[in-house]
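Following: one structure in structure tokens, then a few remarks.
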Amino acid sequence: MVSVEYRAELRDAHFATSILRKIGATRIISLDVVDTYFNIPSGTLKKREAQDEPVDFVFYERKAIAGPKLCTFTIYSKEAAKQRYGVQPLPVLARVMKRRSIYMLGNVKIHIDDIEDIGTFIEFETLVSRELNARHCHQQINTLREKLAMLLGEPISQRYADLVLVA
């Protein structure tokens, strides 16, 4: 699968949620998430664990640029990940613990992430499809960036694991 993603520091999560509600976003869920990043030769592999949710393994590749970017990804179940990566434990790179609130605005998924010991971030993610090409997805994200501009801090090019490693 392919998505367009953008991540930035968030200065005021409460105000951001007010704006999201005002522009028609729907709150889906808030949950505590632990992402375990593994040290693999290329790309990123992480195990995502959240209470009352199935464990997923997400492999993705994206450029480390500070603006909206294309991301290719595959989500594996626990069993499929074992088949793909083997049954031996992979070396752990980092663990990221976060409180994630998920909102939807049309086809754009919005994450507000409070990362333990790091800070608060916002991420916009929209899937590229035949109906919604990458250009259209970029436009959707740029529109959201404009609506929340006063609350956005620095754009983030790295993975959360990279931020945790330097903290």
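If you count by our numbering, then the sequence shown holds residues 3 to 169, one letter each, in order.
Quick reminder that beta carbons are idealized off the backbone N, C-alpha and C, glycines included.
In this text, all values refer to a predicted model and were calculated from it rather than measured experimentally.
**Request:** Identify, in the order they occur along the chain, each residue of the same chain with its Cβ nearer than 6 Å to the Cβ of GLU127, setting aside the five sequence neighbours on each side.
**Result:** Here residue 127 corresponds to residue number 125 of the sequence shown, with the count starting at 1. Once the five neighbours on either side are set aside, the close Cβ partners of GLU127 are SER5, GLU7, LYS111.
**Asked** PRO56: buried (16+ other C-beta within 10 angstroms of its C-beta) or exposed?
**Response** By 1-based counting over the sequence shown, the position of residue 56 is 54. Answer is exposed; the Cβ neighbour count stays below 16.
**Prompt:** Should the segment 40-56 be regarded as contacting the segment 131-151, the criterion being three or more beta carbon pairs within less than 8 Å?
**Reply:** no
**Prompt:** Got a sec? Which residues, its chain only, sit under 7 Å from ILE60 by beta carbon, not counting five neighbours each side?
**Reply:** The sequence position of residue 60 within the sequence shown is 58, counting from 1. In the sequence on display, residue 60 carries Val and not Ile. Result list for VAL60: LYS48, ARG50, PHE75, ILE77, in chain order.
**Prompt:** Can you name the residues that DSSP bridges to VAL35?
**Reply:** Numbered from 1 along the sequence shown, position 33 holds the residue referred to as residue 35. Partner(s): ALA52, LYS100.
**Asked** Measuring CB to CB, does ALA163 end up less than 8 Å from LEU95?
**Response** Along the sequence shown, one-based indexing puts residue 163 at 161. Along the sequence shown, one-based indexing puts residue 95 at 93. For ALA163 and LEU95, yes; Cβs fall inside 8 Å.
**Prompt:** Given a threshold of 16 other Cβ atoms within 10 Å of its Cβ, counted over all protein chains shown, does PRO70 qualify as buried or as exposed?
**Reply:** Numbered from 1 along the sequence shown, position 68 holds the residue referred to as residue 70. Buried: at least 16 other Cβ atoms inside 10 Å.
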